[in-house]
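Engineer: Handing you a structure now.
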Amino acid sequence: MRTLIIEAVNHPFDLHWWQWGKIVGLLLPLICFSLGINHPLVWGVAVHFLLDFTFQTSQTVAGKARCDWWVLAYHAFISGGYTGLLVGGLAGLLVGVIIHLAVDSTNKFGLDEPAGPAIDQALHILTLVAIWRLL
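Sequential numbering from 0 applies to the sequence shown in numbering that gives the first Met the number 0.
This is how it looks when you write it as structure tokens:
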């Protein structure tokens with residue numbers, strides 16, 4: 000991670016979108032914690048980036064690309080479930096897992112970068128907003 004941050008400082012335009020996601024995923028929770036932010040939606044978004052980018056392994060990325068059911072389900076439970084739980088309790092966990100699984104199963108809607116990943120992430124964030132507002 001240290002190398003990635005150094006690369007971002009020295010050559011920010013050379014990084015891929017997912018590398019920026021890893022950096023944001025590391026920094027957002029630290030910023031929220033250091034500023035004393037306690038809003039569940041803000042923390043849900045911060046933890047989403049941490050889990051969906053920073054903590055996602057290369058094996059998970061490869062399994063998702065193959066549409067491996069178990070990898071998709073595991074990832075949906077971790078990334079969608081934990082953030083849904085933060086934002087909307089147990090009902091949020093269930094909704095978060097189901098929608099995260101559905102969105103990630105589309106494999107970024109077959110669209111190239113940056114459109115596919117942007118739509119994917121927008122739907123994940125909109126899911127958290129909906130859980131927060133409705134549950």
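We put the CB at the ideal spot given by N, CA and C, even for glycine.
#1: Expressed to the nearest angstrom, what Euclidean distance is found between the alpha-carbon atoms of V86 and N106?
#2: Here's a check: name, in chain order, each residue in its chain whose Cβ is nearer than 8 Å to the Cβ of W69, leaving out the five neighbours to either side.
#3: Do the segment 64 to 78 and the segment 39 to 53 touch if we need at least three Cβ pairs shorter than 8 Å?
#4: Within the same chain, show all residues whose beta-carbon is closer than 6 Å to that of L134, passing over the 5 residues directly before and after it, in chain order.
#5: Could you tell me the alpha carbon to alpha carbon distance between D119 and L71, rounded to whole angstroms?
#6: Can you grab the Cα-Cα spacing for the pair T56 / H74, in whole Å?
Structural biologist: Taking the geometry as given:
#1: 25 Å
#2: G62
#3: yes
#4: G87, A90, G91
#5: 14 Å
#6: 10 Å
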